[in-house]
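Here the structure comes first, spelled out in structure tokens, and everything after it is commentary.
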Amino acid sequence: MYLTTHAAAGALIGTLIIQSPLAFLVGILSHFFLDIIPHYDGDLPLKSHNVFSLSQRHFNKIIAIILVESLLGAIVFYSLTTNSRLGLTSAMLWGITGSILPDILQVLLLVLPKNKVLIAFDGLHNFYHYRAKRPVPIVLGLLTQLIALILIVIPLINLIQTN
Numbered sequence: 027m028y029l030t031t032h033a034a035a036g037a038l039i040g041t042l043i044i045q046s047p048l049a050f051l052v053g054i055l056s057h058f059f060l061d062i063i064p065h066y067d068g069d070l071p072l073k074s075h076n077v078f079s080l081s082q083r084h085f086n087k088i089i090a091i092i093l094v095e096s097l098l099g100a101i102v103f104y105s106l107t108t109n110s111r112l113g114l115t116s117a118m119l120w121g122i123t124g125s126i127l128p129d130i131l132q133v134l135l136l137v138l139p140k141n142k143v144l145i146a147f148d149g150l151h152n153f154y155h156y157r158a159k160r161p162v163p164i165v166l167g168l169l170t171q172l173i174a175l176i177l178i179v180i181p182l183i184n185l186i187q188t189n
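This note's numbering numbers the first residue of the sequence shown as 27 and each following residue consecutively.
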């Protein structure tokens with residue numbers, strides 16, 4: 027899933043679980059559950075690449091993903107901050123941090139490819155992320171992400187507005 031979907035899930039978790047450490051841990055777990063859902067992430071070949079070779083070979087795809095992420099993230103952030111009487115709470119920020127941490131660690135592995143802890147974590151992350159036997163077509167995979175994002179953001183906004 028794109029970071030926007032994970033971050034929205036983390037914000038929802040932080041709204042439901044007000045203890046920051048618990049929101050952080052549940053945010054991490056939510057990342058793996060969302061990654062089990064078949065989706066499309068841009069299909070960047072992360073194996074046998076480092077950050078430099080990946081960016082050289084797939085520059086346009088990386089830029090497109092960053093632009094889509096930025097746009098969706100801005101829309102979700104705007105929705106949360108303009109419709110909220112409470113604003114972003116500490117638990118929401120910790121939930122968001124936990125929910126995106128696995129992808130941040132995966133990118134960090136591209137920078138530190140020999141780090142044993144990151145390699146082990148990447149194996150766990152990939153176990154959940156790449157469970158689908160066949161690649162998901164781009165339209166279906168992006169639609170899956172959009173539906174997941176909507177299903178997360180609607181209750182999140184409703185919860186924020188009622189508090």
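For every residue, glycine included, the Cβ atom is placed at its ideal position computed from N, Cα and C.
Take Gly53 and list the residues in its own chain whose beta-carbon comes closer than 6 Å to its own, dropping the five residues that flank it on each side.
Gly36, Ile39, Gly121, Gly124 and Ser125
Check whether the stretch 43–52 and the stretch 132–149 are in contact - that is, three or more C-beta pairs closer than 8 Å.
no
Go through its chain and collect everything with a Cβ distance to Thr31's Cβ below 6 Å, but skip five positions before and after it.
Gln171, Ala174 and Leu175
Locate the alpha helix (DSSP H) running through Pro181, then write down its first and last residues.
Ile164 to Thr188
If you reduce the DSSP assignment to three classes, tell me which class His65 lands in.
coil
Quick check on this structure: which residue in Asn184, Ile186, Leu169 and Gln187 has the alpha carbon closest to the alpha carbon of Met27?
Leu169
8 Å Cβ shell around Ile63 - same chain, five flanking residues per side excluded
Met27, Thr170 and Ala174
Take Asp61 and list the residues in its own chain whose beta-carbon comes closer than 7 Å to its own, dropping the five residues that flank it on each side.
Met27, Tyr154 and His155
Please confirm whether Ala49 and Ile178 have their CB atoms less than 9 Å apart.
no
Using the C-alpha atoms, what's the distance from His65 back to Val162?
6 Å
Where does Met118 fall in DSSP's three states?
helix
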